[in-house]
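As they're listed, the protein sequences go chains A and B.
The numbers in this note's numbering rise by one with no breaks, and the one at position 320 of the first sequence is 320.
Converting from the second sequence to this note's numbering requires adding 1000 to each position, the first position being numbered 1.
Here the structure comes first, spelled out in structure tokens, and everything after it is commentary.
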Amino acid sequence: MTRPPAFAPARPGRFDGGLRLTRPPLDACAHIAPAPLPERLFVALRQHAGQAGELRVRVGERVLLGQALTRARNPDELPVHAPASGHIEALGDIAAPHPGDLREPGVTLRPDGLDERAPDAVVGPAFREREPAHLQAALAALGVAGLGGAGFPTARKIAAAGERTLHTLVVNAAECEPYITCDEALILRDATGVVAGCEVLLHASGARRCLIAVEDDRPRAIGALREALAAADDRLELAVQPARYPAGGELQLLQALLGMEIPAGTRPVAAGVLCVNAATAHAAGRAVLHGEPSTTRMVTVTGHGVARPCNLLARLGTPVADLIATAGGYRDVRRLILGGPMMGVALPHDQVPVTRAVNCIIAAGDADLDTLPGEQPCIRCGECASVCPARLQPQVLFAAARVDDLEAARAADLEQCIECGCCAYVCPSHIPLLAHFRHARSAARESARAGTTAARARERFLAREARLEAQRRARDRQLAERETRLRDAPDAKPRVSEVRAAVARARRRRAERARGQ
Amino acid sequence: MRFDTATAPHVTGHRDSAALMREVLLALVPGIAVNAWWFGPGVLAQILVASASALAAEACVCLARRRPPLATLADCSALLCAWLLALCVPPLAPWWVVATGSAFAIVVAKQLFGGLGANVFNPAMAGYAALLVSFPLHMTQWPQPGAAGLAEVWSAVLLAAPPPDTLTGATALDTVRTRLGLGEGLAQVYAAPAFGRAAGAGWEWVALAYLGGGLWLLGRGAIRWHIPVAMLLALAACAALFHLLDPQRYASPLFHLAAGASVLGAFFIATDPVTAAASPSGRLVFAAGVGALTYVIRTWGGYPDGVAFAVLLMNSAAPAIDHFTRPRVYGSGRDRR
């Protein structure tokens, strides 16, 4: 009988629940390099939370490295830039990194290998002399958005604070999911760049201090950051966190670092905290200091199903298959996971491009995967509740989600689920709780959207009915008034004088019309 | 190249309900062994009969519900239910008593509610309550320590012949209740030869063995500490309070902890997650209720032990306890609920 892993309960000053997960015996940080230029780049037009910008290139046109392919017409849009110089081969749908084999609008670019750069407007090292708003505009123009997964445009995130002052900038380098080491690799490759990015964001956001959060099982990254911080702004501080999943979750990190809880339905900026990923800070630094648009990202390529686990600095749009080839190709692969083993999605094929949200690709072999025995009934053991970072009761949520009772699921705070998968990990009945909750959450969002549309249509319909009814009433009232006036007259019949007056009026009008002609 | 698709998480913590049930069964073994040492091999016969009856009943219901019986039997929950019931039945009771109780527990208390995970009442305790109400005479006659050998078990259990009166008697708990009712003081009751150090000869050793098994389960993380600690503490607290008021009428906390099914109930019966409250604070309330009710039923009720009815009563209160002890969800206001 194998001894079940111990699940230590939450301690004060830390986030609730969570798991101690073991890292795989693979060191993807032993090999950090730029990925070679692929034959074709597939650049998705929408790589952020918001809408795609307006296309500004035509098929056959030559573009330069860093040239904007789309233009933002409003703050909801964010431009994407050419990750290499070359010719536009096609415009139209490209494969999306999604488990459902979806396609999305994109640009197919055939690089010419020259990497000729477009002229940039560089703010440069004297950024502290510029207004924060100027830096925010530069970040938006150069397409800087979160590289941690959600892809929220960084400038919009800062602007969301509005009149409130931000007190703390939290830079998240806590990669809590096993296998993912892209932030560590970025720090090992360019810790100075990450720290410079933190300084840029500190100025752009007006925050008083900056905490860089790293987990305590990354000694190399901690060392590199310490060294880089020695020469940096003294408002920057390293915050080493105990390695515990999901320490890198935004809400959990803030709970552990600052002991604060973000009220449901609000964002951390409303509480005065700006939280960005370490790679996002790095991209912000490159954008402001060197005028470089955000066109690359570090991607971990790992798993027992790939010959040489590594971290590759990939241009956005590089096909996953090319990264796998750079990592030495497949070796007994069973599943291709985008993201980590806890939350990642399984890809049906490898012909999908890297987007801003692709932090890790696991070519999973048998050693990386667990085969679950069949699902059994829930015995309400409560293990799921004890590991839930949101203090939810997954066994209650499951009872509601299983029968699609969205109202009951909402009452049990389904919306507060962060989809970390801890519950499914510990479930002794092997119930795919995370899959149930993801399904229920999308169903709830869909029904809320449908509900709003229906409610608006109903409102319009009721307003129209009320307006017509009011008109009908007014007309009826007028008629009734006239009727009573006539009835209440001393003589109910129209008097002769009245008839004569009417005839005279009609004649006069006719005569006037004749004169007018 | 196509890859297999599956939903996250792609790794698991390697826990398994069937393995948990097997661990609980294993943890019962020391208690069963000590029980057999003191009260003869009757307990083993009871376990065999109860297991056979429970497994057969479970298989029949599965066939009737058109579900694969082997997969259901493999979860070991029916077996655990049978063992717990068998440990509460007197070792020399005729076989049909425990067979009936076992089948009732599985068919009525468990499967009619929807099977594993859906039952409201602890099946083993529901089966015990049904037996106690239906066959009170058979359910109260326990063998004297060391009196029953293989031959007695053969004739009393398997041939269903009533055992001679010299072999059996009331339990320590029962004796205390009956003789206190006759106006005797506790000192006189304790002087009877059937009494051991704390709670009747043999009983305290069986309780100790259950305690060992229960602590092993705690150490392995198969059960959590909340229910056993809260139940035993509540029982001991009630006993201590009344014992201090009148030591001649109310037995000591030690007696209550060591007698009857206190330890068995605290570690193995009330901890059934299906029928207990779910959250840690809910479990504390639930188990404290079981402990207090056990004391009340033992002291002022008419049954030989109170654990079964206390568990069943608190089972029915578990949904309400769950409702009122919901933990505050992250990001939600403190005043909701």
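Think of the CB as a built atom: it goes at the ideal place given N, C-alpha and C, for glycine as much as any other residue.
Three-state secondary structure assigned by DSSP to residue i
{"i": "E54 (chain A)", "result": "strand"}
{"i": "W1225 (chain B)", "result": "coil"}
{"i": "V276 (chain A)", "result": "strand"}
{"i": "T371 (chain A)", "result": "coil"}
{"i": "P5 (chain A)", "result": "Per-residue confidence for P5 (chain A) stands at a pLDDT of 37, beneath the threshold of 50, marking its modelled position as unreliable; the derived number appears in the next sentence. P5 (chain A) falls in the coil class under three-state DSSP."}
{"i": "H87 (chain A)", "result": "strand"}
{"i": "G531 (chain A)", "result": "The requested residue 531 (chain A) is not part of the displayed model; chain A covers only 1 to 517."}
{"i": "P153 (chain A)", "result": "strand"}
{"i": "M298 (chain A)", "result": "strand"}
{"i": "N311 (chain A)", "result": "strand"}
{"i": "C384 (chain A)", "result": "helix"}
{"i": "P105 (chain A)", "result": "strand"}
{"i": "Y330 (chain A)", "result": "strand"}
{"i": "V358 (chain A)", "result": "coil"}
Rounded straight-line distance, which links the Cα of residue j to that of residue i
{"i": "R1326 (chain B)", "j": "I431 (chain A)", "result": "22 angstroms"}
{"i": "W1205 (chain B)", "j": "H1014 (chain B)", "result": "35 angstroms"}
{"i": "E459 (chain A)", "j": "L468 (chain A)", "result": "14 angstroms"}
{"i": "S1017 (chain B)", "j": "R380 (chain A)", "result": "11 angstroms"}
{"i": "Q136 (chain A)", "j": "V214 (chain A)", "result": "26 angstroms"}
{"i": "V1307 (chain B)", "j": "A1230 (chain B)", "result": "14 angstroms"}
{"i": "A944 (chain B)", "j": "T181 (chain A)", "result": "Outside the displayed span of chain B (1001 to 1337) sits residue 944 (chain B), for which this structure offers no information."}
{"i": "L1217 (chain B)", "j": "L1084 (chain B)", "result": "16 angstroms"}
{"i": "A1036 (chain B)", "j": "W1203 (chain B)", "result": "11 angstroms"}
{"i": "R1328 (chain B)", "j": "S386 (chain A)", "result": "13 angstroms"}
{"i": "L1048 (chain B)", "j": "P1162 (chain B)", "result": "20 angstroms"}
{"i": "R235 (chain A)", "j": "Q51 (chain A)", "result": "35 angstroms"}
{"i": "P293 (chain A)", "j": "H81 (chain A)", "result": "7 angstroms"}
{"i": "G193 (chain A)", "j": "G223 (chain A)", "result": "15 angstroms"}
{"i": "T1175 (chain B)", "j": "C378 (chain A)", "result": "42 angstroms"}
{"i": "V452 (chain A)", "j": "E407 (chain A)", "result": "Note on residue identity: the sequence assigns Thr, not Val, to residue 452 (chain A). Between T452 (chain A) and E407 (chain A), the C-alpha separation is close to 16 angstroms."}
{"i": "D405 (chain A)", "j": "A231 (chain A)", "result": "56 angstroms"}
{"i": "P1069 (chain B)", "j": "A1086 (chain B)", "result": "23 angstroms"}
{"i": "R56 (chain A)", "j": "R71 (chain A)", "result": "7 angstroms"}
{"i": "G18 (chain A)", "j": "L433 (chain A)", "result": "15 angstroms"}
Test item: CB-CB of residue i and residue j under 7 angstroms
{"i": "L338 (chain A)", "j": "P75 (chain A)", "result": "no"}
{"i": "R35 (chain A)", "j": "T326 (chain A)", "result": "One point to set straight first is that residue 35 (chain A) is Ala, not Arg, in the sequence displayed. It is a contact, given that the beta carbons lie within the stated cut-off."}
{"i": "T1012 (chain B)", "j": "A346 (chain A)", "result": "no"}
{"i": "L169 (chain A)", "j": "L64 (chain A)", "result": "no"}
{"i": "H167 (chain A)", "j": "R103 (chain A)", "result": "no"}
{"i": "Q241 (chain A)", "j": "Y1330 (chain B)", "result": "no"}
{"i": "G1187 (chain B)", "j": "L1167 (chain B)", "result": "The amino acid occupying residue 1187 (chain B) in the given sequence is Ala; Gly does not appear at that position. Not in contact: A1187 (chain B) and L1167 (chain B) (Cβ atoms no closer than 7 angstroms)."}
{"i": "D1322 (chain B)", "j": "A1292 (chain B)", "result": "no"}
{"i": "F1135 (chain B)", "j": "V1089 (chain B)", "result": "no"}
{"i": "G1213 (chain B)", "j": "L1079 (chain B)", "result": "no"}
{"i": "V1311 (chain B)", "j": "A1259 (chain B)", "result": "no"}
{"i": "L37 (chain A)", "j": "Y245 (chain A)", "result": "no"}
{"i": "I362 (chain A)", "j": "A185 (chain A)", "result": "no"}
{"i": "Y179 (chain A)", "j": "T302 (chain A)", "result": "yes"}
{"i": "I418 (chain A)", "j": "G249 (chain A)", "result": "yes"}
{"i": "F15 (chain A)", "j": "P389 (chain A)", "result": "yes"}
{"i": "K1236 (chain B)", "j": "V1157 (chain B)", "result": "For the sequence presented, residue 1236 (chain B) should be read as Ala rather than Lys. No, the Cβ-Cβ distance between A1236 (chain B) and V1157 (chain B) is not below 7 angstroms."}
{"i": "A1074 (chain B)", "j": "A1103 (chain B)", "result": "no"}
Per DSSP, the bridge partner or partners of residue i
{"i": "A19 (chain A)", "result": "A small correction: the amino acid at residue 19 (chain A) is Leu; Ala does not occupy that position in the sequence shown. Bridge partners of L19 (chain A): A:Y245."}
{"i": "G265 (chain A)", "result": "DSSP output for G265 (chain A) lists no bridge partner at all."}
{"i": "G1169 (chain B)", "result": "B:W1142"}
{"i": "C1062 (chain B)", "result": "In DSSP, C1062 (chain B) forms no bridge with anything."}
{"i": "P1327 (chain B)", "result": "Partner(s): none; P1327 (chain B) has no beta bridge."}
{"i": "A321 (chain A)", "result": "Answer is none; A321 (chain A) lacks a bridge partner."}
{"i": "F42 (chain A)", "result": "A:T108"}
{"i": "L238 (chain A)", "result": "A:I212"}
Residue i Cβ short of 6 angstroms to the ligand ZN heavy atom set
{"i": "P1123 (chain B)", "result": "With respect to the ligand ZN, the structure shown offers nothing to examine, as it has no ligands at all."}
- Should the stretch 306–314 of chain A be regarded as contacting the stretch 276–283 of chain A, the criterion being three or more beta carbon pairs within less than 8 angstroms? no
- Query: Can we say the stretch 90–104 of chain A touches the stretch 121–136 of chain A, given the rule of at least three CB pairs closer than 8 angstroms?
  - Reply: no
- How about the stretch 1233–1252 of chain B and the stretch 1150–1158 of chain B: do they share at least three Cβ pairs that are nearer than 8 angstroms? In short, these stretches do not touch, since the Cβ pair count stays below three.
- Item | At least 3 beta-carbon pairs within less than 8 angstroms: the stretch 233–240 of chain A vs the stretch 144–157 of chain A | Contact between the stretch 233–240 of chain A and the stretch 144–157 of chain A is absent: fewer than three C-beta pairs spanning the two stretches fall below 8 angstroms.
- Task: Examine the Cβ distances between the stretch 50–65 of chain A and the stretch 113–120 of chain A and report whether three or more of them are shorter than 8 angstroms.
- Result: Output reads yes: the stretch 113–120 of chain A touches the stretch 50–65 of chain A.
- Message: When you compare the stretch 286–301 of chain A with the stretch 185–204 of chain A, are there three or more beta-carbon pairs, one atom per stretch, that lie closer than 8 angstroms?
- Response: yes
- Segment contact, 8 angstroms Cβ cut-off, at least three pairs: the stretch 436–446 of chain A with the stretch 472–491 of chain A: no
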